[in-house]
Amino acid sequence: MIHPTLDAFRKLARPGALVPVYREVLADLETPVSAFMRIAKDQPFAFLLESVEQADQLGRYSFLGANPSIVLKSKGTEVTVTRDGRDETYASDYPLGELRRLMADYSPVAIPGIPEFHGGAVGYIG
Numbered sequence: 030m031i032h033p034t035l036d037a038f039r040k041l042a043r044p045g046a047l048v049p050v051y052r053e054v055l056a057d058l059e060t061p062v063s064a065f066m067r068i069a070k071d072q073p074f075a076f077l078l079e080s081v082e083q084a085d086q087l088g089r090y091s092f093l094g095a096n097p098s099i100v101l102k103s104k105g106t107e108v109t110v111t112r113d114g115r116d117e118t119y120a121s122d123y124p125l126g127e128l129r130r131l132m133a134d135y136s137p138v139a140i141p142g143i144p145e146f147h148g149g150a151v152g153y154i155g
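The numbers in this note's numbering rise by one with no breaks, and the one at position 96 of the sequence shown is 125.
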């Protein structure tokens, strides 16, 4: 069953709201890594995040994603934001501030029974 129901989704949806749509999947023969390998094919921005309870014990949740709606890259003071296939490049001394500005337009909706993080900015800094 897909959660939330369409009626519940409509009540939660508003401009900027990140409403998680999910379902539990019985995956006796599937691992997070094998699922990731299938969705990551030819996707340069695919990711797999695993929750970990302790160093030697896997957690309950795995987050997989691909094909992001927004990509922010920076090098030096040059910041490039790619959205809807279009690049916008500008100067900024604080790339994380630019990320914060972009994410301010989105507000996660809390859903009981699922992790607090169910969507948003993922990536790496290096």
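C-beta: ideal position from N, C-alpha, C; glycine also.
**Prompt:** Less than 8 Å separating the beta-carbons of V110 and I99?
**Reply:** Cβ atoms of V110 and I99: closer than 8 Å.
**Request:** Would you kindly work out how many angstroms separate the C-alpha atoms of I68 and L101, rounded to a whole number?
**Result:** 21 Å
**Request:** Take every Cβ of the stretch 49-66, pair it with every Cβ of the stretch 110-126, and state whether three or more of those distances are shorter than 8 Å.
**Result:** no
**Message:** Just verifying my parser: in three-state terms, what is the DSSP assignment at I143?
**Reply:** coil
**Where G94 sits in the DSSP three-state scheme** = Correct three-state label for G94: strand.
**Item:** Alpha carbon of G105 to alpha carbon of V151, nearest angstrom
**Value:** 21 Å
**Asked** For D122, which of S103, E53, Y51 has the nearest alpha-carbon?
**Response** S103
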